[in-house]
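Peer 1: Under the working numbering, think of the first position of the sequence shown as 1, with each following residue one higher.
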Amino acid sequence: MKATSWFTLYKMLIRTSIRSRMQYKFNFIMASVLAALIQISEFLMVALVLHKFGAIKGWSLHEIGYLFAIMTLSKTLYRTFGNEVHHLEKYLVDGELDQLLTRPMPVLLALLPQNFRIMAGEVLQGGFILCWSLAGMMHSGQIGWTAIPFSLLIILTGAVILFSIGLATATLGFWTTRIEELQTITEDAARTAAQYPLTLYPKWMSGILLTVIPVGFVNYVPSLYLLRGQLGAWVLVAIVVVAALSLIMSLRFWKFGITKYQSTGS
1 MKATSWFTLY KMLIRTSIRS RMQYKFNFIM ASVLAALIQI SEFLMVALVL
51 HKFGAIKGWS LHEIGYLFAI MTLSKTLYRT FGNEVHHLEK YLVDGELDQL
101 LTRPMPVLLA LLPQNFRIMA GEVLQGGFIL CWSLAGMMHS GQIGWTAIPF
151 SLLIILTGAV ILFSIGLATA TLGFWTTRIE ELQTITEDAA RTAAQYPLTL
201 YPKWMSGILL TVIPVGFVNY VPSLYLLRGQ LGAWVLVAIV VVAALSLIMS
251 LRFWKFGITK YQSTGS
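Next up, the structure:
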């Protein structure tokens, strides 16, 4: 089947998933509002600390807000289109992956549209903090209007990197079956750490967050150039390259890993 046909089928599966979720509009609206409030309250706690003690390692409140917002929006984009990758364990444990294997399409393409999520709350929260941070830094003359399109590029590449990390972690489940605890480290803990400047952490830890689990390329590395003029414009090319390489490597790992899958019924 041609790539365009796969894409058309993928869109159809997404529409079907959205329709099933929108049957309960009140639940969707309440979940979105609660998600936004939780995320905003988390950032407000950081803002209160910064307001009391000043900058963190030389990073201002607006800069911290930028790191926080980029990570939030990148994660939201990843989880919107690839949420089921994060929940592969239940497919492995319950044997639901067997059903996807019988479909006349790539397993990953069949998996991604399952339970498609519209994360409106996270989009509102991340978008608000990003706009506030950019406006504050533009007002002070720290950055110019070009930061806006560059930020969109950073969010896109960040989503690809987070998806790649999630896919690689999920693929390990073909050997271990249980991956939830590992995901806590490679996705949740690493992502939370990268919401703040990596200079806060020991060198060995920041090294891990730039190489083994490259979440530092989601927001920290590009912000060094965009917000502080450090490193150079090559950083924007570097994050695209890192995102592309991460995606290629994770897809190849997935392709290899799925050949090792053994049904729970076998």
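Even glycine gets a Cβ: it sits at the ideal position worked out from N, Cα and C.
To the nearest angstrom, how far is the alpha carbon of G158 from that of D98?
Peer 2: Going from the Cα of G158 to the Cα of D98 covers about 31 Å.
Peer 1: Alpha carbons only, please: which of A147, A120, S263, V235 is nearest the one belonging to S133?
Peer 2: Nearest C-alpha to S133: A147.
Peer 1: At the level of alpha carbons, what is the spacing between E181 and T192?
Peer 2: The alpha-carbon atoms of E181 and T192 are separated by roughly 15 Å.
Peer 1: Assess contact between the region 224 to 244 and the region 86 to 106, defined as three or more Cβ pairs (one per stretch) separated by less than 8 Å. Is contact present?
Peer 2: No, the region 224 to 244 is not in contact with the region 86 to 106.
Peer 1: According to DSSP, simplified to helix, strand and coil, what is W145?
Peer 2: In this structure, W145 counts as coil in the three-state DSSP scheme.
Peer 1: Is there contact here, the region 211 to 220 with the region 133 to 144, by at least three beta-carbon pairs under 8 Å?
Peer 2: They do not touch, by the three-pair rule.
Peer 1: Answer yes if the region 71 to 85 comes into contact with the region 235 to 252, meaning at least three C-beta pairs across the two stretches below 8 Å, and no otherwise.
Peer 2: Flag = no, the region 235 to 252 and the region 71 to 85 do not touch.
Peer 1: Excluding the five sequence neighbours on either side, which residues of its own chain have a C-beta within less than 6 Å of the C-beta of G65, listed in chain order?
Peer 2: Closer than 6 Å at Cβ, skipping near neighbours: I129, S133.
Peer 1: DSSP puts W59 in a beta bridge; with which residues?
Peer 2: Its beta-bridge partners are I56.
Peer 1: Go ahead and label G184 buried or exposed: buried means 16 or more other beta carbons lie within 10 angstroms of its beta carbon, across all protein chains shown.
Peer 2: Note that residue 184 is Thr in the sequence shown here, rather than Gly. Under this definition T184 is an exposed residue.
Peer 1: Decide if the region 117 to 124 is in contact with the region 198 to 211; the criterion is three or more beta carbon pairs, one per stretch, under 8 Å apart.
Peer 2: Segments in contact, no.
Peer 1: What does the alpha-carbon distance come out to for the pair V85 and P149?
Peer 2: Near 28 Å, if we compare the C-alpha coordinates of P149 and V85.
Peer 1: Measure the alpha-carbon distance for A245 versus M105 and round it to whole angstroms.
Peer 2: Residue identity differs from the one stated: residue 245 is Leu in this sequence, not Ala. Each residue's Cα considered, the two are about 24 Å apart.
Peer 1: Suppose contacts are defined by Cβ-Cβ distances below 7 Å. Is M71 in contact with N219 by that definition?
Peer 2: Taking 7 Å as the Cβ cut-off, M71 and N219 qualify as a contacting pair.
Peer 1: My assumption, with CB atoms under 8 Å, is that K126 sits in contact with L73. Please give the rounded CB distance.
Peer 2: Looking at the sequence provided, one finds Gly at residue 126 rather than Lys. Yes, they are in contact, since the Cβ atoms of G126 and L73 sit about 4 Å apart, within 8 Å.
Peer 1: Do you know how far the Cα of S151 is from the Cα of R103?
Peer 2: About 38 Å.
Peer 1: Using three-state DSSP, classify T80 as helix, strand or coil.
Peer 2: DSSP places T80 in helix when its eight states are reduced to three.
Peer 1: Can you check which of these residues, S60, K203, G257, is closest to L167 by C-alpha distance?
Peer 2: Nearest option by C-alpha distance: G257.
Peer 1: Pick out whichever of K260, L88, S140, I154 has its Cα sitting closest to the Cα of L236.
Peer 2: Checking every option, the nearest Cα to that of L236 belongs to I154.
Peer 1: Round the Cβ separation of E63 and I179 to the nearest angstrom and send it over; I've been treating them as touching at under 8 Å.
Peer 2: That pair is no contact at about 34 Å.
Peer 1: Count the other C-beta atoms from every protein chain shown that fall within 10 angstroms of the C-beta of I248, then say buried if there are 16 or more, exposed otherwise.
Peer 2: Flag for I248 reads exposed.
Peer 1: For H87, does the three-state DSSP call read helix, strand or coil?
Peer 2: Residue state, collapsed to three classes: coil.
Peer 1: Measuring alpha carbon to alpha carbon, tell me which of T176, F174, I165, W204 ends up nearest D271.
Peer 2: The question about residue 271 has no answer, for the chain in this structure spans 1 to 266.
Peer 1: So which of Q195, L227, S60, L112 has the shortest CA-CA distance to A170?
Peer 2: Considering only alpha carbons, the answer is L112.
Peer 1: What's the gap between the Cα of W254 and the Cα of W145?
Peer 2: Using only the alpha carbons, I get a separation of about 39 Å.
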